[in-house]
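The structure under discussion appears below in the form of structure tokens.
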Amino acid sequence: MQTTRVALACGAIASLAACGGRDRPTTELQAAQINTIGVNAFLWRAALETVSFAPLLSADSSGGVIATDWYANPSNPDERVKLTVTILDQDLRADALRVAASRQVAQDGRWVEAPVQAATVQKLEDIILTKARDLRRKALAS
């Protein structure tokens with residue numbers, strides 16, 4: 394029994410000793426581990442900048458959801474759009490981002506749902522990803 398306790402104590406001390414070094418691993422500035430929000434900081438900032446043309450309805454950095462209110466382009470007031478950007482991961486990857494758009498057109502004084510082209514949503518995702526990569530490059534350079 395005594396031998397078992399000594400062996401367990403030595404094992405515990407050895408495993409704790411491995412954790413106690415002063416040297417910390419260096420990173421290549423992994424935003425997900427260095428920021429205080431729940432999602433990738435570069436994707437979050439790029440998404441906010443990209444949808445800044447529309448009024449912001451809500452932004453939850455912990456959950457990674459940005460929702461805009463309806464926006465009508467002044468040059469085309471009979472059409473309006475609403476966007477929801479969801480950041481799904483802490484890594485800067487293409488599949489960590491999802492954009493959903495709703496579109497309405499004015500007909501007989503009422504707003505009627507209208508389809509959104511898939512290319513429009515894809516273009517918004519591409520813009521956000523490009524901005525996020527640029528932000529990351531700038532952060533690594535400094």
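With positions in the sequence shown counted from 1, the corresponding number in the numbering used here is that position plus 393.
Positions of the beta carbon are idealized from the N, C-alpha and C atoms, including for glycine.
1) Taking residue 522 as the reference, give the member of 460, 491, 455, 476 with the closest Cα.
2) Might you give, ordered along the chain, the residues of its own chain that have their beta carbon closer than 7 Å to the beta carbon of residue 528, omitting 5 neighbours on each side?
3) Quick check on this structure: which residue in 456, 463, 510 has the alpha carbon closest to the alpha carbon of residue 481?
4) Consult DSSP for residue 530 and reduce its assignment to one of helix, strand or coil.
5) Using the Cβ count rule (16 or more neighbours within 10 Å means buried), how would you classify residue 427?
6) Is the CB-CB distance between residue 536 and residue 483 below 8 Å?
7) Do residue 494 and residue 513 count as a contact pair if the criterion is CB distance below 8 Å?
In terms of the structure at hand:
1) Here the closest residue by C-alpha is 491.
2) 435, 438, 439
3) 456
4) helix
5) Confidence at residue 427 is low in this model, with a pLDDT of 49, below 50, so the placement of that residue should be treated as unreliable; the coordinate-derived value is given next. Residue 427 comes out exposed.
6) With the chain covering only 394 through 535, there is no way to say anything about residue 536.
7) yes
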